[in-house]
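Read the structure below first, then the notes.
In our numbering, the protein residues as written are 9 to 116.
In structure tokens form, the structure reads like this:
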């Protein structure tokens, strides 16, 4: 079984190979993130995510680059001075450490 450790580990399904070939052949892998084509593709992806996950129209969908960035956004947006973290492993502990670095009142 092939595994990806970005951010995983996650199983890499056989279909991924063909999806990557298609993305290459269609020029998606070389597309500039500010190009009209990319902007239109992004809008389509957001619409699909909202439809499939039943996200209310007034909510926003954001694309972030890593779990750490997500944690930082959550801590800075949703906490004022502290947060409580229950965890049972390294991933959860890292989230707590990230929160504590941004909000010293975080408790884990």
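Heads up, the beta-carbon is just placed ideally off N, CA and C, and yes, glycines get one too.
Residue 49: member of the alpha helix (DSSP H) spanning 44-61, first to last residue.
Per DSSP, residue 40 is not a residue of any alpha helix (DSSP H), being assigned neither H nor E. Around the beta carbon of residue 85, fewer than 16 other beta carbons sit within 10 angstroms, so the residue counts as exposed.
In this structure the region 21-40 does not lie against the region 67-74, because fewer than three pairs of beta carbons, one per stretch, are closer than 8 Å. Nearest to residue 79 by C-alpha distance, out of 26, 99, 63, 56, is 99.
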